[in-house]
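Before any comments, here is the structure.
In our numbering, the protein residues as written are 646 to 797.
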């Protein structure tokens, strides 16, 4: 049997659609900062979830551009880094929802424990639905691989 006949055929499955736009770098930074909540609250009395949330959301497109720039240079590219608005926009939207599913973050909305649990469940469901929606919108907005580069 030839190697071509035994090579696995790449396919997209439901899991790929759910995780495609999750900005793992920013979510990891957000979770790491939120894990320091107890120490920060000991020092200052409160934890600035809203400020950390907004800062990480703003950091998402910048990190994605830096990663794309690094890959462009590593691949031997020169000149400006190819840019399209869809990937950083989708990743930022995904971050806004996925970060809300981190335990404790729902304290931004309510101080009542029973409502925090409900917000957490809703945030988790919304994160899954938004991830699926972003994957479904990809064919409409994502750059085509066969499209010519933009002319200046």
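All residues carry an ideal CB built from backbone N, CA and C; glycine is no exception.
What would DSSP say about residue 765, mapped onto helix, strand or coil? Three-state result, residue 765: helix.
Where do the ends of the alpha helix (DSSP H) carrying residue 787 lie? That residue, residue 787, is in no alpha helix (DSSP H); it is neither H nor E in DSSP.
Is the beta carbon of residue 776 sitting closer than 9 Å to the one on residue 743? Contact: yes.
Counting C-beta neighbours from all protein chains within 10 Å, is the total for residue 737 16 or more, i.e. buried, or is it exposed? Around the beta carbon of residue 737, 16 or more other beta carbons sit within 10 angstroms, so the residue counts as buried.
Close-in-space but distant-in-sequence residues of the same chain around residue 647 (CB under 6 Å, 5 per side omitted): Annotation note: pLDDT 45 at residue 647 (below 50); position unreliable, coordinate value reported separately. Once the five neighbours on either side are set aside, residue 647 has no close Cβ partner at all.
At which residue ranges does the region 686-735 contain complete alpha helix (DSSP H) runs of 4 or more residues, listed in the order of the chain? 694-719
Hey, residue 731 and residue 788: beta-carbon distance below 9 Å or not? yes
Of the residues 660, 716, 679, 758, the one placed nearest residue 745, counting alpha carbons only: 679
In chain order, what residues of the same chain have a beta carbon less than 6 Å from the beta carbon of residue 686, not counting five sequence neighbours either side? 692
Determine the direct distance from the alpha carbon of residue 670 to that of residue 689, and round the result to whole angstroms. 27 Å
Could you compute how far the alpha carbon of residue 707 sits from the alpha carbon of residue 759? 36 Å
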